[in-house]
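Numbering (full-length UniProt numbering), first residue to last: 1 to 446. The structure appears right after this line, and notes come after that.
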């Protein structure tokens, strides 16, 4: 959308997000997408063909994927795809039945197998190759584990993943954290091989030879489109209009977003660019995949008054529900980082301030943990200018000395801010879920 001249409203700093290497919005409009790499026949160059194709297609049935358990990408194609890895080769094959390299069906010298399940290992610190069975129940877990383990060693971890294209699957939004490096149209011959046993009319199939291993044959084309995705420390996540609305509107459900459109509310993204069917599938089938990745849930209701520095009203109210609160009555703040890769100005920490009632959010990027009192003052002045006065403010931090400075302590006492310190992995979950959005500086609701 940025390429089409769209600029989100209410940016705090127009320069802050330009050129950042933290996150980048890419054009994934629902009309078409141009692929720089398209696998073609032997008479065409796989590097020179770009194809304009529909982005929305009916999802293939799991029945069509049941026979993909033993599929393997031809070795020459694997070697070409593995060049994207930092060392030009993938070090570990995640999915294989364990027939050894080089004559078996694993692409790498090190691999996990049925006797040594991949889920029992931590996927980090290496270059991984994943060619899983194209079954939703398995694919739902795979990218989620990849993204969780990736952050344990982002500088030395990369993934090259072969997946079927299914834009309405519950796991599809997780692919926005990966870069698409190849597209294999349905029916492309001789790209996958499988064991000769169990095939229909094996005498009519071409032997895979060195391209597939012992007693394997090429299949004549998958019944669905296939994508090859890649992720390493330089990969920038994408976001599409459906996820954009979902995040900007505070993780509202598809029914609520549809209701807003029916009431005549106008947003920066037109109704014509959205598919309510796609929106419902992404958000309502098993919940938002990005939220699942962050293990997120909306905070509360809980007792926000039983904390230090809080001016207790009389009588002390019961735990509140956010739907019953007044706008900007409660503010939650959090700081997250270091994030990788850093921004163009070496910013590695993101501080977020959010009202759970209005979903209004403020975001700041800094190169250190210090200076949060300036951000607090900016947020409080902005809320005051809107005609509101926060009743409670909760600030989540770790135990760093920057949060015990004289300026910070004075600010906490002056405004009655509830300061919660704890391990860095314990965070207000909704704030963490918003960090991809806030990193792009989309701090205002549409």
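Note that CB positions come from ideal geometry on N, CA and C, so glycine has one too.
- Residue 357 counts as buried, since at least 16 other C-beta atoms from the protein chains shown sit within 10 angstroms of its C-beta.
- For a cut-off of 8 Å, the C-beta gap from residue 113 to residue 91 is around 16 Å, too long to register as a contact.
- It is roughly 48 Å from the alpha-carbon of residue 94 to the alpha-carbon of residue 392.
- The closest CA to that of residue 347, considering only 335, 354 and 355, is found on 335.
- If you compare the alpha carbons of 191, 405 and 374 with that of residue 226, the shortest gap goes to 191.
- Sequence-distant Cβ neighbours of residue 81 in its own chain, meaning closer than 7 Å and more than five residues away, are 160, 181, 182 and 228.
- Below 8 Å, too few C-beta pairs join the region 193-200 and the region 124-144 to call them touching: fewer than three.
- CA-CA distance, residue 179 to residue 147, rounds to 13 Å.
- Apart from the 5 residues on each side of it in sequence, residue 420 sits with its Cβ closer than 8 Å to the Cβ of 307, 394, 395, 396 and 397 in its chain, given in chain order.
- Shown here, residue 112 sits in coil according to DSSP, grouped into three states, outside any helix or strand.
- Minimum Cα-Cα distance from residue 109 among the listed residues 383, 365, 89 and 145 corresponds to 89.
- Residue 378 sits in a helix when the DSSP states are folded into three classes.
- Between residue 383 and residue 260, the alpha-carbon positions lie close to 25 Å from each other.
- One Cα belongs to residue 370, the other to residue 350, and the distance between them is close to 12 Å.
- The criterion of a C-beta distance shorter than 9 Å is satisfied by residue 330 and residue 355.
- Measuring C-alpha to C-alpha distances from residue 122 to each of 106, 411 and 153 identifies 153 as the nearest.
- Uninterrupted beta strand (DSSP E) stretches at least 3 residues long and entirely within the region 213-248 occur at 216-218 and 226-231, given in chain order.
- For residue 193, the number of other beta carbons within 10 angstroms of its own is at least 16, and it is reported as buried.
- Its Cα nearest to that of residue 360, the residue 379 stands out among 74, 263, 379 and 177.
- Distances from the CA of residue 410 to each of 389, 373 and 386 were compared; the closest alpha carbon is that of 373.
- In the DSSP assignment, residue 335 is bridged to 351.
- Residue state for residue 82 is assigned as helix, using DSSP reduced to three classes.
- Judged by their CB atoms, residue 186 and residue 224 are nearer to each other than the 9 Å cut-off.
- Closest by C-alpha distance to residue 236, out of 333, 71 and 177, is 177.
- Apart from the 5 residues on each side of it in sequence, residue 220 sits with its Cβ closer than 7 Å to the Cβ of 189 in its chain, given in chain order.
- In the structure shown, residue 406 falls within a helical segment according to DSSP collapsed to helix, strand and coil.
- One Cα belongs to residue 263, the other to residue 270, and the distance between them is close to 14 Å.
- Using a 10 angstroms sphere on the CB of residue 166, the tally of other CB atoms reaches 16 or more, which defines it as buried.
- Per DSSP, the unbroken alpha helix (DSSP H) holding residue 150 starts and ends at 142-150.
- A Cβ-Cβ contact shorter than 9 Å links residue 157 with residue 125.
- If you check the CB distance, residue 203 and residue 75 do not come in under 9 Å.
- The residue from 222, 365 and 155 with its alpha-carbon nearest to that of residue 133 is 222.
- Here residue 373 carries a helix assignment [DSSP, helix/strand/coil].
- For residue 72 against residue 131, the beta-carbon gap comes to about 6 Å, under 8 Å, which counts as contact.
- Beyond the five residues adjoining it in sequence on each side, residue 78 comes within less than 6 Å, by CB distance, of 107 in the same chain, given in chain order.
- Its chain contains 133 as the residues whose beta carbon lies nearer than 6 Å to that of residue 69, once the 5 sequence neighbours on both sides are disregarded; these appear in chain order.
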